[in-house]
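K.L.:
Input: one structure, supplied below.
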């Protein structure tokens, strides 16, 4: 057993050595050289950038120097108060030669100390002083010359006052107190009729019928030939049950113009309402207007003649109506009744059949028509 154990141990040691020999260890890379290269590149880029920035700053500084030199003469008038000192020093130099060297020096130093805080501002002031010393006449000529307005202030003040007075608006004239003037204007009958009709129409629209009647009476008082107002008044009176007054209004209009078919038809209806059918027929037979525009007129005429036992006259009126409206069943029915009343059975039967053919009849009329046709055919 010891030999076997020894062999097993040797076998295990060999396997471990074989496993240790098979392990792969990656070599350590040397990475420091590329970091050095990157650092050098960054340093070089920063150096180039700084160099370009410095060149740009130098160019900007050079460009700003001429602008400062241009603005320097503009600041020269600020030291104008020191000019009189230089002029005084020059005049003293002409009168006495000894103090000439001291006075300009002292005045220049004091002026430079008070006016110019820097050497850049002192140089233009000194040049101005020297120019004034060389040309005293020019220095005196630079003094301000008074204008005409300053020499003659009173005259210019007077002229300005006159000009302002001319430009000022003229004062408004005092307003006169208002006067109320009342004039009486007389309107014509036509104007009064128009106003009254307008009031009557407004009253009727608001339902004030009595006021409307009074208004239409006023219209007829100023314009008796106003047919529209007369018909409106007759209609209001008829609706209120005042048939006698309505008839009087219509008859008055008919006396003024007998050819008014509408007034005759209204009078006939008023007469029918009071039960006087013969009088109603008399109003209609007194005038024969155009049938095309007065179908109701002739239909009422035919019906009254039929009721009053005048079939011949009724037949004539229905024939006129059929010439205007041949497809109206009620006209055929009226003609059939008129012919039947005259004893014309065949004419009556033909008229009844035409009435049945065209129709447009009431239920009661249709039943009576069927019965009468049956009676005439047997």
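Residue numbers (full-length UniProt numbering): 1 to 378.
The beta-carbon is built from N, C-alpha and C at its ideal position, and this holds for glycine as well.
The model shown is predicted, which means the values in this text are computed figures rather than measured ones.
Can you tell me the Cα-Cα spacing of residue 235 and residue 246, whole angstroms?
P.N.:
For the purposes of this step, residue 235 is taken as residue 235 along the chain shown, with counting starting at 1. For the purposes of this step, residue 246 is taken as residue 246 along the chain shown, with counting starting at 1. Taking the straight line from one Cα to the other gives about 7 angstroms.
K.L.:
With distances taken from CA atoms, which of 370, 215, 265 is nearest residue 192?
P.N.:
Translated into positions along the chain shown, residue 192 becomes position 192. Of 370, 215, 265, the residue nearest in Cα terms is 215.
K.L.:
Alpha carbon to alpha carbon, how far is residue 14 from residue 44? Give it in angstroms, no decimals.
P.N.:
Translated into positions along the chain shown, residue 44 becomes position 44. Translated into positions along the chain shown, residue 14 becomes position 14. Taking the straight line joining both Cα atoms gives about 59 angstroms.
K.L.:
CA-CA distance, residue 315 and residue 237?
P.N.:
In the chain shown, counting from the first residue as 1, residue 315 sits at position 315. In the chain shown, counting from the first residue as 1, residue 237 sits at position 237. The straight-line gap from Cα to Cα measures roughly 34 angstroms.
K.L.:
What is the rounded straight-line gap between the Cα of residue 356 and the Cα of residue 205?
P.N.:
Indexing the chain shown from 1 puts residue 356 at position 356. Indexing the chain shown from 1 puts residue 205 at position 205. Near 44 angstroms, if we compare the C-alpha coordinates of residue 205 and residue 356.
K.L.:
Any idea if residue 253 is buried or exposed, counting beta-carbon neighbours within 10 angstroms, 16 or more meaning buried?
P.N.:
Taking the first residue of the chain shown as 1, we reach residue 253 at position 253. Result: buried.
K.L.:
Are there 16 or more other CB atoms within 10 angstroms of the CB of residue 158, so buried, or fewer, so exposed?
P.N.:
For the purposes of this step, residue 158 is taken as residue 158 along the chain shown, with counting starting at 1. It is exposed - the Cβ of residue 158 has fewer than 16 other Cβ atoms within 10 Å.
K.L.:
Among the residues of its own chain, which have a CB less than 7 angstroms from the CB of residue 199, if the five just before and after it don't count?
P.N.:
Stepping through the chain shown from its first residue, residue 199 is reached at position 199. Correct list, in chain order: 215.
K.L.:
Does the Cβ of residue 53 have 16 or more other Cβ atoms within 10 Å, making it buried, or fewer, making it exposed?
P.N.:
Taking the first residue of the chain shown as 1, we reach residue 53 at position 53. Result: exposed.
K.L.:
Could you please give the first and the last residue of the uninterrupted alpha helix (DSSP H) stretch that includes residue 314?
P.N.:
Taking the first residue of the chain shown as 1, we reach residue 314 at position 314. Here the alpha helix (DSSP H) through residue 314 covers 311-324.
K.L.:
Say whether chain B places a C-beta atom closer than 8 angstroms to the C-beta of residue 278.
P.N.:
Reference to chain B is not applicable here, since this structure consists of a single protein chain.
K.L.:
Tell me, to the nearest whole angstrom, how far the beta carbon of residue 283 is from that of residue 264; I am working on the premise that it is less than 8 angstroms.
P.N.:
Your numbering for residue 283 matches position 283 in the chain shown. Your numbering for residue 264 matches position 264 in the chain shown. Right, their Cβ atoms sit about 5 angstroms apart.
K.L.:
Can you tell me which of 242, 248, 296 puts its alpha carbon nearest to the alpha carbon of residue 262?
P.N.:
If you number the chain shown from 1, residue 262 lands on position 262. It is 296.
K.L.:
Verify whether the separation of the beta carbon atoms of residue 281 and residue 305 is less than 8 angstroms.
P.N.:
For the purposes of this step, residue 281 is identified with residue 281 of the chain shown, where counting begins at 1. For the purposes of this step, residue 305 is identified with residue 305 of the chain shown, where counting begins at 1. Yes, the pair counts as a contact, with Cβ atoms nearer than the cut-off.
K.L.:
Taking the C-alpha atoms as reference points, what is the distance between residue 340 and residue 267?
P.N.:
Start at 1 with the first residue of the chain shown, and residue 340 comes out as number 340. Start at 1 with the first residue of the chain shown, and residue 267 comes out as number 267. Rounded to the nearest angstrom, the two C-alpha atoms are 30 angstroms apart.
K.L.:
When we look at the beta-carbon of residue 375 and count the other beta-carbons within 10 Å, is it buried (16 or more) or exposed?
P.N.:
As a working mapping, residue 375 is identified with position 375 in the chain shown. Exposed: under 16 other Cβ atoms inside 10 Å.
K.L.:
Please say whether residue 348 and residue 334 have beta carbons closer to each other than 8 angstroms?
P.N.:
As a first step, residue 334 must be located in the chain shown, where it is residue number 334. As a first step, residue 348 must be located in the chain shown, where it is residue number 348. Cβ atoms of residue 334 and residue 348: not closer than 8 angstroms.
K.L.:
Closer than 8 angstroms by C-beta to residue 308: which residues in its own chain qualify, once you throw out the five before and the five after it? Chain order, please.
P.N.:
Numbered from its first residue, the chain shown carries residue 308 at position 308. So the qualifying residues of the chain are 277, 278, 281.
K.L.:
Tell me the rounded alpha-carbon separation between residue 197 and residue 184.
P.N.:
Looking up residue 197 in the chain shown gives position 197. Looking up residue 184 in the chain shown gives position 184. Their backbone Cα atoms lie some 22 angstroms apart in a straight line.
K.L.:
Report all residues from its chain with a CB closer than 6 angstroms to the CB of residue 301; omit the five preceding and five following residues, and keep chain order.
P.N.:
Against the chain shown, residue 301 aligns to sequence position 301. Once the five neighbours on either side are set aside, the close Cβ partners of residue 301 are 284, 317.
K.L.:
Tell me which residue opens and which closes the alpha helix (DSSP H) that residue 232 is part of.
P.N.:
Position 232 of the chain shown, counting from 1, holds the residue named residue 232. Looking at the DSSP string, the run of the alpha helix (DSSP H) that includes residue 232 is 227-239.
K.L.:
State the DSSP-derived secondary structure class of residue 181, mapped to helix, strand or coil.
P.N.:
As a first step, residue 181 must be located in the chain shown, where it is residue number 181. Reduced to three states, the DSSP call for residue 181 is coil.
K.L.:
What would DSSP say about residue 212, mapped onto helix, strand or coil?
P.N.:
As a working note, residue 212 is residue 212 in the chain shown. Here residue 212 sits in helix by DSSP.
K.L.:
Assign residue 206 to one of three DSSP states: helix, strand, or coil.
P.N.:
Walking along the chain shown from the start, residue 206 turns up at place 206. Coil, per DSSP.
K.L.:
Are residue 383 and residue 190 close, meaning C-beta to C-beta below 8 angstroms?
P.N.:
The question about residue 383 has no answer, for the chain in this structure spans 1 to 378.
K.L.:
Let's test the definition: count the other Cβ atoms within 10 Å of the Cβ of residue 57 and tell me whether it reaches 16, buried, or not, exposed.
P.N.:
Your numbering for residue 57 matches position 57 in the chain shown. Exposed, because fewer than 16 other Cβ atoms sit within 10 Å of the Cβ of residue 57.
K.L.:
Give the range of the alpha helix (DSSP H) segment to which residue 293 is assigned.
P.N.:
Here residue 293 is taken as the residue at index 293 of the chain shown, counted from 1. Run containing residue 293: none; DSSP gives neither H nor E here.
K.L.:
Within 10 Å of its beta-carbon, does residue 114 have 16 or more other beta-carbons around it, so buried, or fewer, so exposed?
P.N.:
Position 114 of the chain shown, counting from 1, holds the residue named residue 114. Because residue 114 carries a pLDDT of 40, less than 50, the predicted location of this residue cannot be relied on, and no value is offered for it.
K.L.:
So, residue 209 versus residue 240, is the Cβ gap smaller than 8 angstroms?
P.N.:
Within the chain shown, the letter at position 209 stands for residue 209. Within the chain shown, the letter at position 240 stands for residue 240. It is a contact, given that the beta carbons lie within the stated cut-off.
K.L.:
From which residue to which residue does the alpha helix (DSSP H) around residue 348 run?
P.N.:
If you number the chain shown from 1, residue 348 lands on position 348. It spans 345-358 - the alpha helix (DSSP H) in which residue 348 sits, taken as one unbroken run.
K.L.:
Quick one: is residue 84 buried, meaning 16 or more other Cβ sit within 10 Å of its Cβ, or exposed?
P.N.:
For the purposes of this step, residue 84 is identified with residue 84 of the chain shown, where counting begins at 1. The predicted position of residue 84 is uncertain, since its pLDDT is 37 and thus under 50; no value can be drawn from it.
K.L.:
Nearest to residue 291 by alpha carbon, out of 273, 269, 274, 320?
P.N.:
Counting from one through the chain shown, the residue named residue 291 turns up at place 291. Checked all of 273, 269, 274, 320; the closest Cα to residue 291 is 320.
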